[in-house]
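Engineer:
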Amino acid sequence: MKKYWLFLILVLFLGACGQQEKEPHQSAPRKIKATLLTVSPKVVPNVRVFPGTVRAVNQISLSSKISGYVKAVHVKEGDVVKPGSPIITLDDAPIRAQIKALKEAYKATTREKEAVRARLSYAEANYRRFKNLLAEKAATKEEFDRVTAEYKALLAREKALAAKEKEILARLKEVKSILPYTQIKSPTEGLVARRLADKGSFVNAGTPLVFIDDLSGGFEFRVELDEAFLGKIRPGQKFKIRFPAVELVEEAPVKEIVAHIDPQSRTFLVKLALPKNKGFRSGLYGELYFPVSRKEAVLIPWRAVVLRGELTGVMVVEKDGLARFRVVRLGRSYQKEGPEAFFPTTTPLTREKAKAEGLWAEVLAGLEAGEKIVISPLNLVRDGDRVI
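What follows is the structure in structure tokens.
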């Protein structure tokens, strides 16, 4: 019996030893085929960015030639108007009242003149008769003088009424010529930039009421540059201008340099011609890129950037061929314009937007020239994978 228990204990001991864990076997790295990019330095322009604004080349100020109350306003700011489009209508009731009164005065004067003319016809005949009677000594000198005085008075009255008729007609023509001034119309195809009058307001003659950007004249970009650049810019020189609000980049030539330096800001004004039919509007914000030098920078395509929570990094293929996630610090984004041509952009972009636009990012830290990074497929490559 004692031998049985000894045997049983020995079996259990040997079984326990057999259950001890073996050293875990390390599995081979997963192999995955990927597209790689060897990081190399690129020569890029070092630029200064200057903010500016779009302005119409020709801005028209519309004012009234007469004073009066605004009866109707036909446009609002931002409207596009055609030549002859009504802009503002002034109350024409006072003018029409003047026209009516002048017409009535003319009719009354004409009636009075006709009545005087009828009396004048009789007075003239009476004058001739008494003249003959006086010659025949059939009438006295006093009678002839009385008839003559009446005739001359009526003749003078007729001339005065005729002159009054002409005066009324001249005044009527003048007042009628004012009537169209109550209709303020656009002289050209343009865009209503500002409106300073509302319905019911009183406006004085000569006061600006509406500012219209002449679309036929085009637009220009106005920017203030530091005084240090005054001798480094010339007419016809082209610069890139980015308009973030409309996601547009244009290359525009310098059309005018206003060589007057503002004593407060120490800047001078530069005007650049913008292409037509691009939908520009006055007040649109833009950024002018002024290259000041060139530098070497490590650039990688934004599509190679990996986001892990708050970390930004890339999948680097180490010398042993294994992929490792490495955190990097990125700087300015660049637009690729040729095989080795890059131009910076300061417009804030999400990774998705930058990736969609094919932009490149400057690596400030975490990656060196000569290292290899994974371009695709980023969604399949994991830490420790062997890239082939």
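Under UniProt numbering, the residue at position 284 of the sequence shown is numbered 284, and the numbers go up by one with no gaps. We put the CB at the ideal spot given by N, CA and C, even for glycine.
1. What residue ranges within the stretch 241 to 329 form continuous beta strand (DSSP E) runs of no fewer than 3 residues, ordered along the chain?
2. Rounded to whole angstroms, what is the Cα-Cα separation between residue 321 and residue 363?
3. Take residue 350 and list the residues in its own chain whose beta-carbon comes closer than 7 angstroms to its own, dropping the five residues that flank it on each side.
4. Just checking: is the beta-carbon of residue 79 within a distance shorter than 8 angstroms of some beta-carbon in chain E?
5. In angstroms with no decimal places, state the Cα-to-Cα distance between residue 25 and residue 333.
6. Go ahead and pull the three-state DSSP assignment for residue 99.
7. Opposite residue 147 in the DSSP bridges: which residues?
8. Please list the terminal residues of the continuous alpha helix (DSSP H) segment that includes residue 356.
9. Pick from 382, 368, 264 and 190: whose alpha carbon is nearest that of residue 76?
10. Smallest Cα separation from residue 34: which of 377, 177 and 44?
11. How many Å lie between residue 268 and residue 82 at the Cα?
12. When you compare only the Cα positions, how much space is there between residue 226 and residue 283?
13. So, helix, strand or coil for residue 381, using DSSP?
14. Kindly indicate which residue of 372, 145 and 45 has the alpha-carbon position closest to the one of residue 297.
15. Less than 6 angstroms between C-beta atoms, sequence neighbours within five positions excluded: which residues of the same chain meet that for residue 194?
16. Residue 123: which of 146, 134, 137 and 136 sits nearest, CA to CA?
17. Would you mind working out which of 329, 254 and 224 sits nearest residue 238, comparing C-alpha positions?
18. How about residue 169 and residue 106: are their beta carbons less than 8 angstroms apart?
19. So, are the CB atoms of residue 178 and residue 95 less than 8 angstroms apart?
20. Does the distance between the C-beta of residue 212 and the nearest non-hydrogen atom of the ligand ADP fall short of 7 angstroms?
21. Between residue 329 and residue 365, which are expected to be in contact by the criterion C-beta below 8 angstroms, what is the C-beta distance as a whole number of angstroms?
22. Is residue 315 closer than 8 angstroms to residue 327 when the C-beta atoms are compared?
23. For residue 178, which of helix, strand or coil comes out of DSSP?
24. Would you decide whether residue 163 is buried or exposed? Buried here means 16 or more other CB atoms lie within 10 Å of its CB.
25. Among 48, 216, 223 and 183, whose alpha-carbon lies nearest the alpha-carbon of residue 209?
26. Which class does residue 35 belong to by DSSP, given the choice of helix, strand or coil?
27. Taking residue 385 as the reference, give the member of 343, 318, 371 and 353 with the closest Cα.
28. Return the residue from the list 91, 214 and 157 that minimises the CA-CA distance to residue 71.
29. Name the residue from 99, 388, 215 and 249 whose alpha carbon lies nearest to the alpha carbon of residue 186.
30. Do you know how far the Cα of residue 120 is from the Cα of residue 160?
31. Rounded to whole angstroms, how far is the Cβ of residue 66 from the Cβ of residue 205, which I believe are closer than 8 angstroms?
Structural biologist: For this structure:
1. If you keep only unbroken beta strand (DSSP E) runs of at least 3 residues inside the stretch 241 to 329, you get 248 to 258, 267 to 273, 285 to 301, 306 to 308, 311 to 317 and 323 to 327.
2. Using only the alpha carbons, I get a separation of about 22 angstroms.
3. When the five nearest sequence neighbours on each side are left out, no beta carbon in the same chain lies closer than 7 angstroms to the beta carbon of residue 350.
4. In the structure shown, chain E does not exist; there is a single protein chain.
5. The predicted model places residue 25 with a pLDDT of 48, which falls under 50 and marks its position as unreliable; any figure quoted below should be read in that light. Going from the Cα of residue 25 to the Cα of residue 333 covers about 46 angstroms.
6. Residue 99: helix per DSSP, three-state reduction.
7. Residue 147 has no beta-bridge partner at all, per DSSP.
8. Per DSSP, the unbroken alpha helix (DSSP H) holding residue 356 starts and ends at 351 to 356.
9. Of the candidates 382, 368, 264 and 190, the one whose C-alpha sits nearest the C-alpha of residue 76 is 190.
10. Among 377, 177 and 44, the Cα nearest to that of residue 34 is on 377.
11. The straight-line gap from Cα to Cα measures roughly 35 angstroms.
12. Each residue's Cα considered, the two are about 21 angstroms apart.
13. The DSSP-derived three-state label of residue 381 is coil.
14. If we check each option's Cα against that of residue 297, 45 comes out closest.
15. Around residue 194: 211.
16. Looking at the Cα atoms, 146 is the closest of the given residues.
17. Measuring from the Cα of residue 238, the nearest candidate turns out to be 254.
18. In this structure, the beta-carbon distance from residue 169 to residue 106 falls below 8 angstroms.
19. Taking a C-beta distance under 8 angstroms as the contact criterion, residue 178 and residue 95 qualify as a contact pair.
20. What this structure holds is no ligand at all, so the ligand ADP is not there to describe.
21. So it is a contact: roughly 4 angstroms between Cβ atoms.
22. No, the Cβ-Cβ distance between residue 327 and residue 315 is not below 8 angstroms.
23. Reduced to three states, the DSSP call for residue 178 is helix.
24. Around the beta carbon of residue 163, fewer than 16 other beta carbons sit within 10 angstroms, so the residue counts as exposed.
25. Per the Cα distances, 183.
26. In the structure shown, residue 35 sits in a strand (DSSP, three-state: E or B).
27. For residue 385, the nearest C-alpha among the options comes from 318.
28. Here the closest residue by C-alpha is 91.
29. The shortest Cα separation from residue 186 among 99, 388, 215 and 249 belongs to 215.
30. Residue 160 and residue 120 have their C-alpha atoms spaced approximately 13 angstroms apart.
31. Indeed, because the Cβ distance is near 5 angstroms, the residues count as touching under 8 angstroms.
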